[in-house]
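>
In the working numbering, the protein residues as written are 1024 to 1084.
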């Protein structure tokens, strides 16, 4: 009986990690970009706090 394995293989994970490293070294990924992504994810998952007036900006503005 064959089982179908879902998820990312080890080779796929290595490919993604190398891609992240190359993008970081060539400034496609910057600390500012990571901060913006983190803020966006916080806003999506904690939207109710925004409605209550909580500031979810990281590092302040």
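Beta carbons: idealized from backbone N, C-alpha and C, even for Gly. Fair warning: this is a prediction, and the values are worked out from it, not measured in the lab.
(1) What is the C-beta distance between residue 1043 and residue 1061, in whole angstroms, given that I count them as a contact (C-beta under 8 Å)?
(2) Note down, in chain order, each residue of its chain lying with its Cβ closer than 7 Å to the Cβ of residue 1066, except the 5 sequence neighbours on either side.
(3) Using three-state DSSP, classify residue 1075 as helix, strand or coil.
Concretely, from the data shown:
(1) About 15 Å separates the two Cβ atoms, so there is no contact after all.
(2) 1073 and 1079
(3) coil
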